[in-house]
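In what follows, a single structure is set out as C-alpha cells and then discussed.
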Amino acid sequence: MESVFDTTEASKYTTPLEMRAYTSRLLGQSEDLVLHGGGNTSVKATTKDIFGDDVEVLYVKGSGHDLKTIRENGFSPTRLDVLKRLAALPELSDIDMMRELKMSQLDPAAPAPSVEALLHAIIPFRYVDHTHADSVVAISNTPNGPDLIREIYGEKVLVLDYEMPGFILSKQVHQATQDLDWASCEAIILLHHGVFTFNDDAQTSYEKMIAIVSKAEDFLKTQGAWDCSLGFDADAVQCAAIEIAAMRAAVCQQKGGPLVGRFSADKLSTVESLEIAERGPVTPDHVLHCKRIAMISTGNHVEDVAKYAADYKAYFDRNQEGGLTCLDQAPRWVLWANKGRFVFGPNGKRLRVISDLIDHTSKCIQWGEFLGGWKALSEKEIFDLEYWELEQAKLKRKKATGSLEGQVALVSGAASGIGLATVEELLSQGACVVGADIVPSVTELFDGNPSYLGVQCDLTDSDAVKSLLDTTVRHFGALDILVSNAGVFPPSASIEELSDDGWRRSMAVNLDSHFYLLRESIPFLKLGWNPAVVFVGSKNIKAPGPGVASYSVAKAGLQQLARVATMELAPSGIRVNSVHPDAVFDTGVWTDDILTARAAKYNMSVDAYKKRNLLKATITSKDVARTIYLLVGKDMQATTGGHVSIDGGNARTV
Ligand code: ZN
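Counting from 1 along the sequence shown, just add 131 to a position and that's the residue number in our numbering.
Written as C-alpha cells, this is what we have:
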C-alpha cells in the first residue's frame, strides 16, 4: 500500500482541523482501510470559548460521516479534559458514555462524537488515525493470528486482545498504556478489530498507518496468500432471474417484510465446503449490516431460509441474557452452491454497503483459509455487538424511510413527464426503481442514487422487454410494482388522412409495449411483495376527440388489457389499476405545436384549452405520480380494477 499524501494539495490546508479532514479523506480513499464507516480519526487543538478562555478540544469524527468524503464540519468538537476524566472512570455504561460525550460538545449542532472518542482522547498525540484494515484483521482471524501479528510487528507495536468497542475498549487501552513509553510505540493493533497510529504531524500519522498495513500486505504476499484462489472456479455458474426472484420471495416471507436483493457471481460459492462462510465476519461491526454468518443454499429456498431462521433463533436463545428482543431471522447474504451469492437490504444504499462488505469478507476469508483456516471471533462476542445497547437504542430511534422501502418498481417511459415524476415519487417513498425509456438520458437521472437504475430500452421490441425484466431482477432482486406508462401522442390526423405507419406506430407504443411489459412481468409479480400494476390510460378512452383515432383506439385497447389482467391476476394477489390523466401539460407529449393545434381544433386559446376542466385546475405530472403511489401502496390494498380520472373533472366522463 502506497502513501497518496500530496504536498501541493496539503499546502492548501492551514488549520489542524483542515489538515485532519484532508488526511482522513486519504484513508477513506482506500476501501482496504476503511469501508462504510469502519474507522475514525481525530485531532487535538486549542480554541477559545465565548469568554475568550483557551479550551483544549478533541475534534473527533462524527457519527454518520464517511472518511471518504469528510470535511471539517464532519468532526465533533468535544472538551478534551472531560473526555480524559471519563476515560479514567472505573465504570461507565455505553449509554451514559454517549450522553456524556454529547454534553461535552462545544457545538450542540455538531454530529454526535464517534463511540471511540475516549480512546482518541487518551492517546497523547495531536493526530490519531484508526482503520479496520483488511490485511491486519484477516491475519488476526486465523488460528495463530495473535502470534503472527506479534511476530510481524515486534516490540514497537502494542497488540491488544479483542474487547467490545465503547467504554470497555477505552478502559482496556487506558490501563494497557499507563506505563507505556509512547515515544517508542509505533501503533496499537486491536486484534479482530483494527489499527491505531498517531503523531503530532498529520502526514506522519497517516504514513505510519500505510507502513503498518503494508507490512501485513507484504506478509500475505510472502506467504503466497495475496493472490490465492484456493481452487475456486472464477466462472461461477449463473442463475436465472426467476430463481433470483424466488429466493428473494422466500427471504421476505421469513422476514415478514420486503427487502431488495442483488445477485452476483462469487468465487466462494464454488468452494467445496461452503461452511467457511458460516464462521463469522471480518470485524464484529459487520454483523450490524450482514448478520453473523451467511445462509448456505442448495436451491430449496423455503427450506434453506427456514433452517437459517431456526439456527438464528437458537443462536439468540443461546447468547441472550434476558430483556432483549430477537431481531428478524432472515439472512442478509446467501451463498448458493455453484450459483453465486445474494445480498439483501432495505434500500439501494444499504445494498451497496452490504455488497461491499461481503466483497471484502470474501477476500479476507480466502486469505484466512490460506493461512490455516478462517477463524472469526466467538459467536458470543459477535452477539454482544449485534445486541449492544447502543445498537438496540438506535433501532428504537430508527425512522421509517418510506412506505415502499424494500420494494422494487419498474416504470416505463421514465425519462420525462408522468414517468419521471412517478420515479421521483416512488424513490421518495423508499422504493428501488428501474426507469426504462427509449431516450438515452434515462440512464443518467438521479445522480448515482443507488436505489435507481436507468435502462435504455425499445419497449416495442418484446426481446428487449424480456431483457429489461432480467436486468431489473438481477439488479434489485425482484419486481413488485409495474407502472406501465410509456406513450406517444401522434400528430393530429383524421381517419381519412391517417397512414398505415401512423396507425402502427401508435399501436406499437401505446398498446403493444404495455402488453409485452405486462406479459414478461407476470412471473416476477407472482413472486412479488404486495404486487401491483398501474396502467397510465387517458381521458380519451371515454371522451375521444377528432383527429386522434390511433391514440384513442390504442388507449381503449389498453383499458381492455387492464380489465382482463385484473381478473387473471387477482388469484395471485396482484392488483391492477389504471389512471386516466388529461391535460397534463408538463409532459414531453405536449409540445407547443401539438398544444396550439389541439386548442385550434376546439376554437380555444391555449390558456383556455389548458384549463378546460370542471375545477379549472392546472394538472401536473406530480398529481398523477402521487395517485399512482397511492394505488400501489398499502392504503389501497383492497382496490383492484380501479380507474381513476386525474383531469380536474370532465363533463364528458363524469
Ligand atoms: Zn474501530
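Ideal Cβ placement from N, Cα and C applies to all residues, glycine included.
In this structure, the beta-carbon distance from Leu214 to Ala241 does not fall below 7 Å. Leaving aside the five residues that flank Phe298 on each side, the residues in its chain whose CB is nearer than 6 Å to its CB run, in chain order, Leu223, Asp225, Met228. Under a 10 Å Cβ-count criterion, Asn431 is classified as exposed, with fewer than 16 other Cβ atoms of the shown protein chains found around its own Cβ.
In this structure, the CA atom of Gly195 is about 14 Å from the CA atom of Glu203. In chain order, Gln460 place their CB closer than 7 Å to the CB of Tyr443, counting only its own chain and leaving out the 5 sequence neighbours on each side. The alpha-carbon of Ala540 is positioned some 6 Å away from that of Cys563.
DSSP assignment within the segment 323-352 yields the following whole beta strand (DSSP E) runs of 3 residues or more, N-terminal first: 325-330.
Between the alpha carbons of Ala141 and Met150 lies a gap of roughly 7 Å.
Pairing Gly704 with Ser543, the inter-Cα distance amounts to about 22 Å.
Here DSSP, grouped into helix, strand and coil, assigns Gln306 to helix.
By the neighbour-count definition (other C-beta atoms within 10 Å, threshold 16), Asp397 is a buried residue. For Trp467, the three-state secondary structure derived from DSSP is strand. Proximity of the beta carbon of Gly193 to the ligand ZN is not indicated: no heavy atom of the ligand is located closer than 6 Å. Per DSSP, the unbroken beta strand (DSSP E) holding Met426 starts and ends at 426-428.
The segment 150-159 and the segment 231-249 do not touch, with fewer than 3 CB-CB distances between them shorter than 8 Å.
Of the heavy atoms belonging to the ligand ZN, none sits nearer than 6 Å to the Cβ of Gly297. Bridge partners of Leu541 according to DSSP: Val565, Leu613. Distance from the CA atom of Asp349 to the CA atom of Gln334, rounded to whole angstroms, is 22 Å.
Taking C-beta separations shorter than 7 Å and ignoring five residues to either side along the sequence, the partners of Arg483 in its chain run Pro581, following chain order. Only buried fits Tyr760, as 16 or more other CB atoms lie within 10 angstroms of its CB. Three or more beta-carbon pairs separated by less than 8 Å are not found between the segment 618-634 and the segment 572-586, which leaves the two stretches without contact. Rounded to whole angstroms, the gap between the alpha carbons of Gly205 and Val775 is 47 Å. The distance from the Cβ of Pro255 to that of Trp313 is about 6 Å, consistent with a contact at the 8 Å cut-off.
Annotated three-state conformation of Lys143 is coil, per DSSP. Distance from the Cα of Arg393 is smallest, within the candidate group Pro477, Lys741, Asp185, Gln451, for Pro477.
Shortest gap from the CB of Gly325 to any heavy atom of the ligand ZN: under 6 Å. Between the alpha carbons of Ala152 and Phe607 lies a gap of roughly 35 Å. Within the same chain, Cβ atoms closer than 7 Å to the Cβ of Thr771 are found at Thr697, Ala701, Arg706, Val707, Asn708, the five residues on either side in sequence being excluded. Considering only Ile270, Gly388, Thr727, the residue with the shortest C-alpha distance to Lys352 is Ile270. Ala219 and Thr178 have their C-alpha atoms roughly 24 Å apart. DSSP links Leu291 through a beta bridge to Leu321. Ala218 is bridged by DSSP to nothing; it lacks a bridge partner. DSSP places Gly392 inside the beta strand (DSSP E), whose first and last residues are 391-395. Straight-line measurement puts the Cα of Phe620 at about 8 Å from the Cα of Trp721. Secondary structure at His417: helix, using DSSP grouped into helix, strand and coil.
In the DSSP assignment, Tyr446 falls within the unbroken alpha helix (DSSP H) covering 432-450.
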